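The end of the sequence shown is residue 227 by the working numbering, with every number in the run present.
All residues carry an ideal CB built from backbone N, CA and C; glycine is no exception.
The structure presented is a predicted model; accordingly, all values stated were derived computationally and were not measured.
Please read the structure below before turning to the comments.
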Amino acid sequence: TKASFGAMTVSDMAAGVRIVEGHASFAVASGQFANGTLSADISIDDDPEKGSLCKLVIQGRGVDLGAIPGVLGVSGPWPQATGNLEIDLRSRLPAAPSGHAETSGSVKVSGGAGKLLGFDAEVFRELAAQKRFFDLSQASATPLPIESFDLSAVIDNGIAELNHATFKSASGNLDLTGVVPYKNNSLAVSGTLSPAAGANAPATRFFAGGAWPNILISPFSAVMSGQ
Numbered sequence: 001t002k003a004s005f006g007a008m009t010v011s012d013m014a015a016g017v018r019i020v021e022g023h024a025s026f027a028v029a030s031g032q033f034a035n036g037t038l039s040a041d042i043s044i045d046d047d048p049e050k051g052s053l054c055k056l057v058i059q060g061r062g063v064d065l066g067a068i069p070g071v072l073g074v075s076g077p078w079p080q081a082t083g084n085l086e087i088d089l090r091s092r093l094p095a096a097p098s099g100h101a102e103t104s105g106s107v108k109v110s111g112g113a114g115k116l117l118g119f120d121a122e123v124f125r126e127l128a129a130q131k132r133f134f135d136l137s138q139a140s141a142t143p144l145p146i147e148s149f150d151l152s153a154v155i156d157n158g159i160a161e162l163n164h165a166t167f168k169s170a171s172g173n174l175d176l177t178g179v180v181p182y183k184n185n186s187l188a189v190s191g192t193l194s195p196a197a198g199a200n201a202p203a204t205r206f207f208a209g210g211a212w213p214n215i216l217i218s219p220f221s222a223v224m225s226g227q
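So, in structure tokens, the structure goes:
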């Protein structure tokens with residue numbers, strides 16, 4: 001009736017276990033996770049020459065994405081919304097929810113209406129116009145209301161390459177791209193915050209760096225002026 005993997009718990013499952021000739025797998029055909037449905041497969045192939053190869057494949061539909069930070073043990077800006085996720089990971093080490101430097105694969109997350117915690121668009125624009133750099137926590141009082149969002153990343157050698165992360169909002173669309181070396185909690189991401197709907201103003205372009213969740217923002221205007 002229930003299975004756990006780190007802080008992740010799946011209930012009401014249809015699942016099966018198979019172990020044969022150096023291959024072991026635990027497959028969840030369907031289950032309940034974070035108010036949504038989930039299918040998953042965890043497998044290990046034991047090769048006498050190459051060693052063990054661990055695989056983790058997860059597909060979630062209609063999941064409360066606000067539960068994900070608790071599962072991963074991370075903090076910082078993250079969308080609170082219902083959505084879908086696809087995770088496909090490989091590792092030479094025993095699989096763990098937190099991942100390893102040797103892990104590779106891909107992650108895709110998308111969702112509908114909700115809010116992005118830790119990102120106040122109005123305050124962010126004010127700080128970007130006034131300061132050469134600032135801590136993102138200074139612009140975290142009011143969540144960004146979002147209409148939808150979509151992000152995808154490729155993971156390899158302890159680095160997540162963020163192909164794109166787009167948050168649609170009447171308060172201004174937020175687009176991000178860059179790299180997140182999660183093995184040391186750092187990040188190097190460029191972003192654009194478009195003006196609010198109906199506003200006649202330029203977009204705010206910026207660079208985000210530092211160590212997660214202590215994210216430092218450098219507006220491109222300051223960078224380009226040599227400050």
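Neighbour-count burial assignment, residue i, 16 or more Cβ in a 10 Å radius
{"i": "I19", "result": "exposed"}
{"i": "R125", "result": "buried"}
{"i": "P48", "result": "exposed"}
{"i": "G60", "result": "buried"}
{"i": "P202", "result": "exposed"}
{"i": "G51", "result": "exposed"}
{"i": "T204", "result": "buried"}
Helix, strand or coil at residue i [DSSP, three-state]
{"i": "G226", "result": "Confidence at G226 is low in this model, with a pLDDT of 49, below 50, so its placement is unreliable and the value that follows should be read with caution. If DSSP states are grouped into helix, strand and coil, G226 belongs with coil."}
{"i": "F133", "result": "coil"}
{"i": "F207", "result": "strand"}
{"i": "R90", "result": "strand"}
When the options are compared against residue i, the one with the closest alpha-carbon
{"i": "L174", "options": "S43, S194, V189, A129", "result": "S194"}
{"i": "S39", "options": "K50, A203, F26, P48", "result": "F26"}
{"i": "A170", "options": "E147, T192, A153, I155", "result": "E147"}
{"i": "T166", "options": "N184, T192, G70", "result": "T192"}
{"i": "A199", "options": "N163, V189, R205, E122", "result": "E122"}
{"i": "G105", "options": "S140, D45, I155, L117", "result": "I155"}
Inter-residue Cα distance where the pair is residue i and residue j
{"i": "L56", "j": "I42", "result": "5 Å"}
{"i": "E21", "j": "G114", "result": "47 Å"}
{"i": "L53", "j": "V28", "result": "19 Å"}
{"i": "M8", "j": "A129", "result": "41 Å"}
{"i": "Q227", "j": "F33", "result": "The pLDDT assigned to Q227 is 48, lower than 50, so where the model puts this residue is not dependable; a value taken from the coordinates is nonetheless given after this. Between Q227 and F33, the C-alpha separation is close to 48 Å."}
{"i": "S11", "j": "S30", "result": "9 Å"}
{"i": "L65", "j": "T82", "result": "6 Å"}
Contact test: residue i Cβ vs the ligand GTP heavy atom, cutoff 7 Å
{"i": "T204", "result": "Only the bare structure without any ligand can be found here, which leaves the ligand GTP out of the picture."}
For the structure I just gave you, are there three or more beta carbon pairs, one from the region 176–193 and one from the region 155–167, closer than 8 Å?
The region 176–193, when compared against the region 155–167, does touch it at the 8 Å Cβ threshold.
Are the region 211–218 and the region 133–141 in contact at 8 Å, needing three or more beta carbon pairs?
Cβ pair count under 8 Å is three or more, so yes.
Is there contact here, the region 107–122 with the region 79–89, by at least three beta-carbon pairs under 8 Å?
Enough Cβ pairs lie closer than 8 Å, so yes.
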